[in-house]
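Undergrad: Handing you this structure, nothing more for now.
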Ligand SMILES: [Zn+2]
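Numbering (my numbering), first residue to last: 187 to 358.
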């Protein structure tokens, strides 16, 4: 199993390198954070971290991969959900546990997809990859990414009608 994910991780790293050389940009951070969404063990969507240095917008690899999958097939699925696994990799070898922002995105997309397992690189695990049920991951201590830690130091921006709706998933 680990071998299979090692291969996937390598594929993703090569994709990332190709993206970089094609774009002519170099990363502003050292952490190349990527995500693949797996259906029946095969990748069906990829995402990479996107940081915009001009404002506070950011899209994490997990959120991007989910959004792309949703835009491609999510809308056509109607009530029928497909089961997916999420695989997250940090190419500098660090821990790639999804942050609170991404967990919330996963919860949101759970209305379209049935998320089964989340795999992420974790140096302290045997094989370097942790596999956790999404339901369990969602109930664990939140991980706040460096970007959000820095963001918290900025003055708060006012939002029109979201004074106390940080976890507003009630759409009824
Ligand atoms: Zn994240």
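Using N, Cα and C, we set each Cβ at its ideal position, and we do this for glycine too.
1) Tell me residue 229's beta-bridge partners as DSSP assigns them.
2) Using the beta-carbon count (16 or more within 10 Å), is residue 283 buried or exposed?
3) If I measure Cβ to Cβ from residue 305 and keep anything under 6 Å in the same chain, skipping five residues before and after, which residues do I get?
4) Excluding sequence positions up to five away, which residues of its chain have a Cβ less than 6 Å from the Cβ of residue 395?
5) Straight-line CA distance for residue 313 to residue 194?
6) So if DSSP puts residue 305 in a beta bridge, which residue, or which two residues, is it bridged to?
7) Go to residue 330, then tell me how far its alpha helix (DSSP H) extends in each direction, as first and last residue.
8) What do you get for residue 358, buried or exposed, if any count of 16 or more other CB atoms within 10 angstroms of its CB means buried?
9) By how many angstroms is the C-alpha of residue 266 removed from the C-alpha of residue 236?
10) Out of 197, 262, 226, 232, point me to the one whose CA is closest to residue 303's CA.
11) Thinking residue 251 and residue 232 are a contact (beta carbons under 8 Å), I'd like their distance in whole angstroms, please.
12) Determine the closest residue to residue 309 out of 275, 197, 289, 190, with distance taken between C-alpha atoms.
13) Residue 356 to residue 290, Cα distance in whole Å?
14) Label residue 307 either buried or exposed according to how many other C-beta atoms from any shown protein chain fall within 10 Å of its C-beta, with 16 as the threshold for buried.
15) Looking only at DSSP bridge pairs, what is residue 259 linked to?
TA: So, from the data block:
1) 224
2) buried
3) 273, 315, 317
4) Given a span of 187 to 358 for the chain in the structure shown, any question on residue 395 remains unanswerable.
5) 14 Å
6) 273, 317
7) No alpha helix (DSSP H) holds residue 330; DSSP gives it neither H nor E.
8) Reliability fails at residue 358, whose pLDDT of 44 lies under 50, so the model's placement of it is uncertain and the value that follows must be treated cautiously. Classification of residue 358: exposed, given that the 10 Å Cβ count is below 16.
9) 30 Å
10) 226
11) 6 Å
12) 275
13) Residue placement at residue 356 is flagged as unreliable, the pLDDT there being 41, under the threshold of 50; a coordinate-derived value is accordingly withheld.
14) buried
15) Its beta-bridge partners do not exist; DSSP assigns none.
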